[in-house]
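Single-structure report; data block below.
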Amino acid sequence: MKKTFITLLVLLTSLTMFSQSQASLEEEIKELRKKAKLIYNEGVRLAIDEKYTEAHLKFDEALYILPEFDLPYLERAKIKILNQEFDLAMNDVAKAIEINEELGEAFYIRAYMKLLMKDYQSALTDFTHAIQKGHSKSEAYYYRGLMYFEMNDYNSALIDFTLAIDKNYDFAYAYNERASSKRMLGDYHGAIHDYKQALAYDSTIVIAYDNMGSCKIKTGDFQGAIEDYTKAVQKDPEYFIALNNRGVAYYQMGDFEAALKDFTRVVEINKEYAPAYNNMGITKIKMENYLGAEKDLDMAIELNTEYGEAYMNRGYAKEFLGKFPGACADWKKALELGIEEAEKYMTECE
Amino acid sequence: MKIIKSTILSFITLLLIGPLSIAQENIKIKKSDFQIEIKEVGFKEAWKEIKEGEKLFTAGLGTFPNALEHYLKANKYNSDCAELNYKIGVCYLATDKFYHATQYLEKAYLKDNNVAGDVHYILARAYHLNLDFDNAIENYKAYYSSFSVKELEKLEINIDKFIKECKFGKELVNSPDRVIINNLGPRINSEYDDYNPVLHPNQDQLYFTSRRETENKDKRYEADNKFFENIFVSKQAGELWKKPKMLDNKMDSKNNESVVAISPDGNRIYLYNGDENGGDIMVSELKKGNWKSPKGISGKILSKYKETTITFSPEGNEMFFVSNQYGSIGGMDIFYSKLDEKEKWTEPTNMGAAINTIYDEEGVSWHPKEDKVYFSSQGFNSMGGFDVFVMERDENGMWSSPENLGYPVNTPNDDLFLKMDENNKYAYYSSVRDNGFGGKDLYKIIFLGEEKELKLSKEDIFLAWNHKPIDDLFYHNPNEVKVDTALFMIGFVTDSKTAEPIKLAKIEVIDLELSQVIATGLADTAGAYQLKIPKKKDFGVEVTAKDYLFFVEIAYLSQKQVVDSKIQANFQLDKIDVGAKMVLNNIFFETNKATIKPESTTELERLANLLIENPTIRLEISGHTDNVGSYRANQKLSESRAKSVVEYLVSKGVGSSRLEYKGYSFNQPIADNNTAEGRSQNRRVEFKVLSK
Chain A
1 MKKTFITLLV LLTSLTMFSQ SQASLEEEIK ELRKKAKLIY NEGVRLAIDE KYTEAHLKFD
61 EALYILPEFD LPYLERAKIK ILNQEFDLAM NDVAKAIEIN EELGEAFYIR AYMKLLMKDY
121 QSALTDFTHA IQKGHSKSEA YYYRGLMYFE MNDYNSALID FTLAIDKNYD FAYAYNERAS
181 SKRMLGDYHG AIHDYKQALA YDSTIVIAYD NMGSCKIKTG DFQGAIEDYT KAVQKDPEYF
241 IALNNRGVAY YQMGDFEAAL KDFTRVVEIN KEYAPAYNNM GITKIKMENY LGAEKDLDMA
301 IELNTEYGEA YMNRGYAKEF LGKFPGACAD WKKALELGIE EAEKYMTECE
Chain B
1001 MKIIKSTILS FITLLLIGPL SIAQENIKIK KSDFQIEIKE VGFKEAWKEI KEGEKLFTAG
1061 LGTFPNALEH YLKANKYNSD CAELNYKIGV CYLATDKFYH ATQYLEKAYL KDNNVAGDVH
1121 YILARAYHLN LDFDNAIENY KAYYSSFSVK ELEKLEINID KFIKECKFGK ELVNSPDRVI
1181 INNLGPRINS EYDDYNPVLH PNQDQLYFTS RRETENKDKR YEADNKFFEN IFVSKQAGEL
1241 WKKPKMLDNK MDSKNNESVV AISPDGNRIY LYNGDENGGD IMVSELKKGN WKSPKGISGK
1301 ILSKYKETTI TFSPEGNEMF FVSNQYGSIG GMDIFYSKLD EKEKWTEPTN MGAAINTIYD
1361 EEGVSWHPKE DKVYFSSQGF NSMGGFDVFV MERDENGMWS SPENLGYPVN TPNDDLFLKM
1421 DENNKYAYYS SVRDNGFGGK DLYKIIFLGE EKELKLSKED IFLAWNHKPI DDLFYHNPNE
1481 VKVDTALFMI GFVTDSKTAE PIKLAKIEVI DLELSQVIAT GLADTAGAYQ LKIPKKKDFG
1541 VEVTAKDYLF FVEIAYLSQK QVVDSKIQAN FQLDKIDVGA KMVLNNIFFE TNKATIKPES
1601 TTELERLANL LIENPTIRLE ISGHTDNVGS YRANQKLSES RAKSVVEYLV SKGVGSSRLE
1661 YKGYSFNQPI ADNNTAEGRS QNRRVEFKVL SK
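So the sequences go chain by chain: A and B.
First residue of the first sequence? That's 1 in our numbering, and the numbers climb one at a time after it.
First residue of the second sequence? That's 1001 in our numbering, and the numbers climb one at a time after it.
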């Protein structure tokens, strides 16, 4: 009985000592955590002031003190993204998620990096996680919408862009992207409306003018399209895609001189833009300059050896020049490159 | 009705049957009509040109181009003369520049709608040749209606045929074939007539007939005032034809000679010789690389009439030729012959009304590989002049009805001598077109397959983000964490003499601005304490402990260093010993009075508590002043103030026997009375422990 009492006494004493030691340890950890947070916050303030190098050092320091601190990994990852150090950033974000799997923003950042790396499916999954874990700001929906769009799921993209706009009514980019989703779904008038909204909130989005023009072509409004393409070019004289599209509109209206002028300007701006050479080529075919057309199409193919349409068109030019073996070879190549219409022309080559 | 048939013994006669099928009216340009009254200048010269032109015009069709030159010069003087415009139009119609005729003829008609009896006919021909079929029909009809029935019977031209050609021409032009017709260019074509292309079976040599001027044959043919025909050959160099050379065919013809065919094996060349027997086909054989002197072809092909073109089946055992020999349905017809068992050509047979018409057929040519024969005809459903037709032999050996090759291969002008490529991809022939170099030219027809769609390339950047990504969209709101930023005041409470820790000493921190106690704590057994304070600033601190005098001071924490969120502040207390003194800094009086100010309460309460918690001690409360004023007055004031303190303490329950009071005036200064600060310190109340 006495022995038991002594043992219990010793045990209690030990427990008391342990408890005191434990309390002390906890206190120490608490202090470390606080210190790490303070340093981390200093880093955040530096980051806000765009002093990223100093901020990075603070996050390093915070993590040195408290390696299991999630947020410094996250913020450090952001700086690494800005520095294009995606692999390192990815490691940091992974660590942040490992420490705190409820950290929605970490999923968001990881999704963002995957977006940059064009890993759309993974990005889509992470954006969804981010939203589910509470990081549901307009940008999260916007980016997820982009992923749906890139994966050709235009209905889902439309919904996400709408949610992004719902959370941020003057989100010009989201209007443009929603417009493009509508366009892909065949709602050209709805798309035109959204492109206008995008431009109302941000008139520097030149592609909205260009896209609006392309929608107007779909509705048969060629003159309106040319006006929109012209606005795009006025906003950005080097925006050769709008110039090329205006040339296409002129071509479709039968104004081959104007079309050729635009295509020529495109290749002056970007001498490696194969579609403009292709379009120049077929415009010259329409103008019965078959040799000139052949040269332009040669150039288009030189710039893009997988350019099926250019092979088709060059075959056409060669046919007009009486170069039948060459024409047939081009149509054969076009067929190999997936231009199915070439198959029926091949019968002429037998 | 009399059908015009050529009787000139030349291969080229067919080429003369151009736009003007009748001798047009030679109206006279009257001086009075031409001269402009008020414009003397230039008239003399212009009238001279008129007279020259009239001479050449009267000479016949062959000199119309020469007449035209003079007429055009005269026209500069007076471009409104109806007769002159009419004649310019007529002359143009006789040239390869027929497309200029319309404007002059229309002007002539506008100025005088009776300028010539055949003006409607000439206008109709001009419209017809220029594919303006509706106006052509209208004018043909107008011309037709200008004749009486009797006159119509004598009319040498078939207006109905022209109208039919126009109607059919409209149909063909409305559904053009997908062909390209390329002029063989100035290397092959000349400003003169060039026609009848014959491609060597190897396809590397092109033979043709030309009426261009040559060094040793510069005579002109009387009928049309053009140079005689000669044969030329051009060799292929890549995609181009080399400059042609005149063929040395040993034929030694003084007049017209033309190449008409080459045998499928390439060893025989068939030539037309206008000098022979009314116009015959000759053959020259290739021996050791040289063409031998041509001889008349064997068999019963040749006649005293005219044989022009000939063609052989791919196997070489059948032939077609064109002749107006006995058995002709009308003019030049197509005849057939084949080799018999003895390898002799059989008696030629006319191909009959299914193939031949009452009009001329010409330029027969067998397909290099297939049972198809191409020829030109003025009959059938021609759209005007000679059109090219094709007939095909079926499995039963029957030839199909000729089929018009359509527009734009055929035109209202003469389209002749088509030679098809073995793969049906292209053909050579002669035609008169507005992109020619003069007269008839050689053209290459490229037969395109079905209509093909050209592929435009258009692209858009659909997503604004893809064009210009949003910069660091995610970085606008970095995550600042909430941190407990409270400070701790830590330290030890010890005995001022022994430095022993004073356990359970009570420390109170007072916010001086709020006059509130904001933290209270006790020292542990080691005399250590830790108090949480809201921020780093100066606080009042009161430390009390049993058996010790209380300690009240301002802790100037704002000047201290924070280490790990902690500010160190140690306190030393004096033990309650007899003789121990303490200045009561926080007791305030009204000026020169002994009335205690209310803000002194805390200090007085503190003193009262000391006495209550230590019930055995006795204290002397003493008053002190600075040296301003008299000693006596100061003594009285200092004593009164000490007494006021004692009275307060007694009022708090402290026995009066435990308290004494005394005024020391300025006898016990603790600081320099020469400074304001020193004098302030000297004005004070103290207590001293008398016993414990």
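Cβ coordinates follow ideal geometry from the N, Cα and C atoms, glycine included.
All values derive from a computational prediction rather than experimental measurement.
Check the Cβ-Cβ distances between residue i and every residue of chain B, and say whether any is below 8 Å.
i	result
PRO67 (chain A)	no
ILE226 (chain A)	no
GLY186 (chain A)	no
PRO237 (chain A)	no
LEU63 (chain A)	no
MET1 (chain A)	Note that MET1 (chain A) scores a pLDDT of 45, beneath 50, so its modelled location is shaky; the value from the coordinates is reported in the next line. It does not; no Cβ of chain B falls within 8 Å.
PHE320 (chain A)	yes
PHE324 (chain A)	yes
MET312 (chain A)	yes
LEU71 (chain A)	yes
Rounded to whole angstroms, what is the Cα-Cα separation between residue i and residue j?
i	j	result
TYR64 (chain A)	GLU75 (chain A)	15 Å
GLY1678 (chain B)	ASN1585 (chain B)	14 Å
LEU1271 (chain B)	HIS1200 (chain B)	14 Å
TYR1556 (chain B)	ASP1511 (chain B)	12 Å
HIS1467 (chain B)	MET151 (chain A)	18 Å
ALA1464 (chain B)	PHE240 (chain A)	16 Å
THR1309 (chain B)	SER1323 (chain B)	8 Å
ALA1608 (chain B)	LYS1497 (chain B)	25 Å
TYR290 (chain A)	ASP296 (chain A)	10 Å
ALA47 (chain A)	PHE59 (chain A)	10 Å
ASN211 (chain A)	ASP1460 (chain B)	6 Å
LYS1636 (chain B)	ASP1524 (chain B)	46 Å
LEU199 (chain A)	TYR209 (chain A)	8 Å
TYR112 (chain A)	ARG246 (chain A)	34 Å
Contact defined as beta carbons within less than 8 Å: I believe residue i pairs with residue j. What is the distance between those atoms, to the nearest angstrom?
i	j	result
GLY1379 (chain B)	THR1357 (chain B)	3 Å
PHE1064 (chain B)	THR1095 (chain B)	7 Å
LEU1206 (chain B)	VAL1179 (chain B)	In fact, because the Cβ distance is near 19 Å, the residues do not count as touching under 8 Å.
LEU1129 (chain B)	ASN1413 (chain B)	6 Å
GLU1318 (chain B)	LYS1338 (chain B)	4 Å
GLN1568 (chain B)	ILE1490 (chain B)	6 Å
VAL1198 (chain B)	ILE1262 (chain B)	6 Å
In terms of DSSP beta bridges, what is residue i paired with?
i	result
LYS1662 (chain B)	B:SER1622
GLU1307 (chain B)	B:SER1323
ALA1555 (chain B)	B:PHE1539
LYS958 (chain B)	Chain B is shown only over 1001 to 1692; residue 958 (chain B) falls outside these bounds and no answer can be derived.
PRO1501 (chain B)	B:THR1494
LEU1637 (chain B)	None, per the DSSP bridge assignment.
MET1420 (chain B)	B:ALA1427
GLY1521 (chain B)	B:ILE1507
Is the CB of residue i under 8 Å away from at least one CB in chain A?
i	result
LEU1016 (chain B)	Because the pLDDT at LEU1016 (chain B) is just 41, under 50, the model does not fix this residue reliably, and the value given afterwards should be weighed accordingly. So, not an interface residue.
HIS1128 (chain B)	no
TRP1465 (chain B)	yes
ILE1533 (chain B)	no
PHE1228 (chain B)	no
GLU1370 (chain B)	no
ASN1183 (chain B)	no
LYS1487 (chain B)	A small fix is needed here, since residue 1487 (chain B) is Leu in this sequence, not Lys. Not an interface residue.
For the ligand ATP, I want to know if residue i counts as a neighbour, meaning its beta carbon is within less than 7 Å of at least one of the ligand's heavy atoms.
i	result
ALA310 (chain A)	This structure does not include the ligand ATP; it has no bound ligands of any sort.
My parser needs the alpha helix (DSSP H) runs of 4 or more residues fully inside the stretch 260 to 325 of chain A; what are they? 274 to 286, 290 to 303, 308 to 320
Segments assigned alpha helix (DSSP H), at least 4 residues, entirely inside the stretch 59 to 144 of chain A: Entirely contained in the stretch 59 to 144 of chain A, the alpha helix (DSSP H) runs reaching 4 residues are, in chain order, 70 to 82, 86 to 99, 104 to 116, 120 to 132.
Pick out the complete beta strand (DSSP E) segments inside the stretch 1195 to 1277 of chain B, 3 residues or longer, and give them in chain order. 1205 to 1210, 1230 to 1237, 1257 to 1262, 1268 to 1273
Considering only residues of the stretch 1327 to 1367 of chain B, which uninterrupted alpha helix (DSSP H) runs meet the minimum length of 4 residues and lie entirely inside it, listed in chain order? none
Please give me, in chain order, every unbroken run of the alpha helix (DSSP H) with length at least 4 that falls completely inside the stretch 1058 to 1129 of chain B. 1064 to 1075, 1082 to 1093, 1101 to 1111, 1119 to 1129
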